[in-house]
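Residue numbers (the working numbering), protein chains in the order written: chain A, 2 to 209; chain B, 2 to 209. All C-beta atoms in this analysis are idealised placements derived from N, C-alpha and C, irrespective of residue type, glycine included.
Here it is, written out as structure tokens:
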């Protein structure tokens, strides 16, 4: 029995950790990042001490909960950059990133949040962001993307995408496809392009 | 004194009513319609009994708080319909309605809510909706609006518009202008229009 206890404890701890992460993803998706840690603990059926042992801050919990989506985003941008036609690559990124976010609204909230201490998450985001800006530059040079597009417009599109409310995850993905397609048409170079109103600096939420 | 009391009471009641409505607008804008009536009463510094005397249900409060915006919406659609160029009228409505909603996110939540008992509010909405559908029909017939646009797309656009988060009301309006302009470009008939993915039925929230 004494040799078994540590093993069983480790296994319990792993179960707790996974359950906390699953609950956090669902709760953040439903209600944004403003949910109290106490509420996450309650829903995951663990004590606050257990929650804080695994995730000392909400920032740690958020970045761990959405690490996988962050990596998926980066891969999408890499895929777009690898397309020999930069405009086609750009469209792929806008479509697929909207789709990814439609499946998980909590992720949109996480992506547009500032994480002063979550070095890895912020670094991954910066990297994906730099690559997307490069893809946009190439898509403009190739003549597909309108010249007054700015990379921040993607943040605006993702915030907007997360505002679309539907009755099911399937409908959310379908709506995000239609939404992305409309926007992509608006982003295309057109025979006579009226200039867009100026871009607006969009804020990151500070998660403390 | 006895002749004054009723007057003063009426005046207090009117002040309370106005204060409740102002607080409700601000609170709904900040936090959506899910705020408890008790919370509205607390913020307006009145007792629950006073709140319920003025507004027996949350539905009554919501529809009264946003009655003015609803009338503004209807006027906008009338203005669009009056334009001899239906496509220009259509663009005006999309731009101005996005702007109106950017100034008041609570109104977007109210507009996409079902109000089973708020006959006037729902009737006004239906009327504005029918007129917008007519404007879209004319804008298609005139060749400006792409043929696969559906009036429900405006609901999608308004939900999306309300997801854009900015640092100030001025920035919210500026962002909504850029957003509306991108979408309008996407809604235009273009030399070669790739068909949009199919529209998605978007739900009304039931406010009880």
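> Within 10 angstroms of its Cβ, does residue 5 of chain A collect 16 or more other Cβ (buried), or is it exposed?
Replying inline: Legend: pLDDT at residue 5 of chain A = 49, less than 50; position of this residue unreliable, value from coordinates given subsequently. Its Cβ having fewer than 16 others within 10 Å, residue 5 of chain A is exposed.
> Would you call residue 48 of chain A buried or exposed, if buried means 16 or more other Cβ atoms sit within 10 Å of its Cβ?
Replying inline: exposed
> In chain A, which residues lie less than 7 angstroms from residue 200 of chain B when you measure between Cβ atoms?
Replying inline: 179
>> Does chain B have any CB closer than 7 angstroms to the CB of residue 156 of chain A?
In response: no
> Between which two residues does the alpha helix (DSSP H) containing residue 78 of chain A stretch?
Replying inline: 68 to 83
> Are residue 165 of chain A and residue 176 of chain A closer than 7 angstroms when you measure CB to CB?
Replying inline: yes
>> I'd like the list of long-range same chain contacts for residue 147 of chain A, defined as Cβ closer than 8 angstroms, with 5 residues on each side in sequence excluded.
In response: 141, 188, 189, 190, 191, 194 and 197
>> When you compare the region 120 to 132 of chain B with the region 144 to 161 of chain A, are there three or more beta-carbon pairs, one atom per stretch, that lie closer than 8 angstroms?
In response: no
>> Please identify, using Cβ separations under 7 angstroms, the residues of the region 122 to 136 of chain A that lie next to chain B, in order along the chain.
In response: none
> What do you get for residue 120 of chain B, buried or exposed, if any count of 16 or more other CB atoms within 10 angstroms of its CB means buried?
Replying inline: exposed
> Does the region 99 to 107 of chain B touch the region 41 to 55 of chain B, meaning 3 or more C-beta pairs lie closer than 8 angstroms?
Replying inline: no
>> Would you say residue 166 of chain B lies against chain A (beta-carbon separation less than 7 angstroms)?
In response: yes
> For residue 200 of chain B versus residue 139 of chain B, is the C-beta distance shorter than 7 angstroms?
Replying inline: no
> So which residues of chain A does residue 160 of chain B contact, with C-beta pairs closer than 7 angstroms?
Replying inline: 164, 165 and 166
>> Using beta carbons (cut-off 7 angstroms, strictly below), is residue 81 of chain A in contact with chain B?
In response: no
> Is the beta carbon of residue 81 of chain A sitting closer than 7 angstroms to the one on residue 94 of chain A?
Replying inline: yes
>> At the 7 angstroms Cβ level, is residue 107 of chain A part of the contact set with chain B, yes or no?
In response: no
> Using a Cβ-Cβ cut-off of 8 angstroms (strictly less than) and excluding sequence neighbours within five positions of residue 17 of chain A, which residues of its own chain qualify?
Replying inline: 45, 47, 51 and 55
>> Which residues in chain A have a C-beta closer than 9 angstroms to the C-beta of residue 144 of chain B? List them in chain order.
In response: Result: empty, since nearest Cβ-Cβ is about 15 angstroms, beyond 9 angstroms.
>> Cβ closer than 7 angstroms: which chain A residues qualify as neighbours of residue 101 of chain B?
In response: Simply none; closest approach about 16 angstroms.
>> With H, G and I counted as helix, E and B as strand and the rest as coil, what does DSSP make of residue 173 of chain A?
In response: helix
>> Do residue 65 of chain A and residue 116 of chain A have their beta-carbon atoms positioned less than 7 angstroms apart in this structure?
In response: no
> In the structure shown, what three-state DSSP assignment does residue 197 of chain B receive?
Replying inline: coil
> Would you say residue 182 of chain B reaches chain A, if we count a Cβ-Cβ gap shorter than 7 angstroms as a contact?
Replying inline: yes
> For residue 75 of chain A, which residues from the same chain have a beta carbon less than 7 angstroms from its beta carbon, with the 5 sequence-adjacent residues on both sides left out?
Replying inline: 125, 128 and 129
> What is the C-beta distance between residue 110 of chain B and residue 34 of chain B, in whole angstroms, given that I count them as a contact (C-beta under 8 angstroms)?
Replying inline: 5 angstroms
> Thinking C-beta only, is residue 41 of chain B closer than 7 angstroms to residue 25 of chain B?
Replying inline: yes
> Are residue 98 of chain B and residue 77 of chain B close, meaning C-beta to C-beta below 7 angstroms?
Replying inline: yes
> Can you list the residues of chain A that residue 175 of chain B reaches, using a CB-CB cut of under 9 angstroms?
Replying inline: 198, 199, 200 and 201
> Between which two residues does the alpha helix (DSSP H) containing residue 51 of chain A stretch?
Replying inline: 49 to 55
> From residue 32 of chain B to residue 178 of chain B, what distance separates their C-alpha atoms?
Replying inline: 23 angstroms
> Taking DSSP as the reference, what is the three-state secondary structure of residue 11 of chain A?
Replying inline: helix
> Looking at the structure shown, is residue 203 of chain A part of a helix, part of a strand, or coil, going by DSSP?
Replying inline: coil
> If you scan the region 115 to 182 of chain A from start to end, which runs of the alpha helix (DSSP H) of 4 or more residues do you find wholly inside it?
Replying inline: 120 to 142 and 153 to 164
> Which residues mark the beginning and the end of the alpha helix (DSSP H) in which residue 94 of chain A is found?
Replying inline: 87 to 103
>> Check this for me: beta carbons of residue 173 of chain B and residue 167 of chain B, under 7 angstroms apart or not?
In response: yes
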